[in-house]
Amino acid sequence: MGMDRPTIVVAIKNDTDDLKELSDFFNGVEEEEIPVSVKKFEFNSATERAYQAALSSHLSVGIGFDDKSVIVHYKNLHEDEPLFVADKSNKVNLRILGANAARLVKGVPFKKLN
Numbered sequence: 001m002g003m004d005r006p007t008i009v010v011a012i013k014n015d016t017d018d019l020k021e022l023s024d025f026f027n028g029v030e031e032e033e034i035p036v037s038v039k040k041f042e043f044n045s046a047t048e049r050a051y052q053a054a055l056s057s058h059l060s061v062g063i064g065f066d067d068k069s070v071i072v073h074y075k076n077l078h079e080d081e082p083l084f085v086a087d088k089s090n091k092v093n094l095r096i097l098g099a100n101a102a103r104l105v106k107g108v109p110f111k112k113l114n
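For the sequence shown, position 15 matches number 15 in UniProt numbering, and the numbering has no gaps at all.
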């Protein structure tokens with residue numbers, strides 16, 4: 001039985017979700033050198049998908065998104081209380097959000113969102 005590489009899990013609702021619009025987020029995670037994977041979750045709420053992604057992540061961090069927001073969740077938080085919620089249209093904040101998701105894994109201080 002092979003071990004999966006620990007990753008931050010990005011939850012998608014379906015295969016047509018456009019991850020290109022999250023490129024700034026992914027760049028922020030990459031700068032902190034933490035791996036990311038994408039997994040499908042059948043939940044309607046982006047917050048619920050983020051929470052389920054966190055539960056499935058060996059790093060305990062999950063990401064969900066919808067047409068307006070990107071959500072960072074941690075498995076030890078209450079399902080309805082994500083760690084960060086950022087407007088998807090703010091590219092600078094998306095990059096910082098990605099870095100902060102990775103920093104949660106690393107246990108280092110967060111960058112300040114604009």
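Cβ atoms here follow ideal geometry from the backbone N, Cα and C, with glycine treated the same way. In this text, all values refer to a predicted model and were calculated from it rather than measured experimentally.
Buried or exposed by the 16-neighbour rule on C-beta atoms within 10 Å, applied to S57: Buried, since its Cβ has 16 or more Cβ neighbours within 10 Å.
Contacts around E79, its chain only, beta-carbon distance under 6 angstroms, and the 5 residues preceding and following it disregarded: Excluding sequence neighbours, E79 sits near Y51.
L97: CB within 6 angstroms of a non-hydrogen atom of the ligand HEM: The model on display carries no ligand, and the ligand HEM is accordingly not part of it.
8 angstroms contact criterion, which K88 and K68 should meet: CB distance rounded: About 6 angstroms; that satisfies the 8 angstroms criterion.
Status (buried if at least 16 other CB within 10 Å, exposed otherwise) for residue 141: Outside the shown range of the chain (1 to 114) lies residue 141, about which nothing can therefore be said.
Which of helix, strand or coil DSSP assigns to residue 117: Outside the shown range of the chain, which is 1 to 114, sits residue 117, and nothing can be said about it.
C-alpha distance - P6 paired with D17, whole-angstrom precision: Here the alpha carbons of D17 and P6 stand approximately 23 angstroms from one another.
Start and end residues, alpha helix (DSSP H) containing I96: Where I96 is concerned, the enclosing alpha helix (DSSP H) stretches over K91 to K106.
Of the residues L22, I63, G62 and N14, the one placed nearest E42, counting alpha carbons only: A check of alpha carbon separations from E42 across L22, I63, G62 and N14 identifies N14 as the nearest.
Local conformation of K20 per DSSP, three classes: Looking at K20 - three-state DSSP - the assignment turns out to be helix.
Limits of the unbroken alpha helix (DSSP H) element including S37: In the DSSP assignment, S37 falls outside any alpha helix (DSSP H) and lies within the beta strand (DSSP E) extending over V36 to K40.
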